[in-house]
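Below: one structure, written as structure tokens.
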Amino acid sequence: MMMDPSEHLLSSSGNDPLAIGSSSSSTITTTATASMGEIADVDVYFKRLYSKTNNPPPISVDEFLDIMTRCKDSQIQREKDVFHNGIRNLFEEYKFYIQYPERELHLTAQLFGGLFERGLFQQQALIAAYRAILEGLKKPAGTNLWNFGVTALDRCKA
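In the numbering used here, the protein residues as written are 3 to 160.
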């Protein structure tokens, strides 16, 4: 049985070159270590994005992107940290995308592409995001990572 992607959000990054703050990534770093409260804040948003029930109440990809935009532009450091942790979590999750069920993969790809669409990837995260999409597009058509790349790219141009 596939795990809900939100269950992976707190997993370690290992040596994934796309993971922000991974030991093999020299170009992408986090600005601060995430506190458990900040991780919990981000985790709640991801759980709501992937929710199939009303508990917690689901949010759409666009609502998630609105939250990320507000957090990025906030003057409150805790909210900025929520934004950075959300971005980091997407990269840490990349190694699990191949295992995602179709619905969750589609939502994640829409979120990824929406971050491009709204210009929310910054500096080195932008390069890693391009790399993640490109890696997906190199996979055989119809595979999870290829579907991720196509869906994210389609959302980028929207």
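Using N, Cα and C, we set each Cβ at its ideal position, and we do this for glycine too.
For residue i, which residues in the same chain have their Cβ closer than 8 Å to its Cβ, ignoring the five residues on either side in sequence?
{"i": "leucine 155", "result": "Gly115, Ile135 and Leu139"}
{"i": "leucine 147", "result": "Tyr99, Ile100, Glu137, Gly138 and Lys141"}
Can you tell me which of the options puts its alpha carbon nearest to the alpha carbon of residue i?
{"i": "aspartate 64", "options": "Gln124, Gly144 and Phe118", "result": "Phe118"}
{"i": "lysine 54", "options": "Phe98, Lys74, Gln126 and Leu109", "result": "Leu109"}
{"i": "leucine 122", "options": "Glu81, Phe85 and Arg133", "result": "Phe85"}
{"i": "valine 44", "options": "Ser62, Gln77, Asn91 and Lys74", "result": "Asn91"}
{"i": "lysine 49", "options": "Thr153, Glu106, Ala143 and Val152", "result": "Glu106"}
{"i": "isoleucine 129", "options": "Ser76, Asn57, Ile89 and Met70", "result": "Ile89"}
{"i": "isoleucine 69", "options": "Arg120, Lys97, Tyr96 and Asn57", "result": "Arg120"}
Mark residue i as exposed unless 16 or more other C-beta atoms lie within 10 angstroms of its C-beta, in which case mark it buried.
{"i": "threonine 29", "result": "Caution applies to threonine 29, whose pLDDT of 31 falls short of 50 and renders its modelled position unreliable; the value that the coordinates give is listed next. So threonine 29 counts as exposed."}
{"i": "glutamine 125", "result": "exposed"}
{"i": "tyrosine 102", "result": "buried"}
{"i": "alanine 131", "result": "buried"}
{"i": "aspartate 83", "result": "buried"}
Taking a contact to mean a Cβ-Cβ separation below 9 Å, would you say residue i touches residue j in this structure?
{"i": "alanine 127", "j": "arginine 157", "result": "no"}
{"i": "proline 60", "j": "leucine 51", "result": "yes"}
{"i": "glutamate 104", "j": "asparagine 149", "result": "yes"}
Ordered along the chain, which non-local residues of its own chain (more than five positions away) have a Cβ less than 7 Å from that of residue i?
{"i": "phenylalanine 66", "result": "Tyr47, Leu51 and Leu113"}
{"i": "threonine 71", "result": "Arg120 and Leu122"}
{"i": "lysine 159", "result": "none"}
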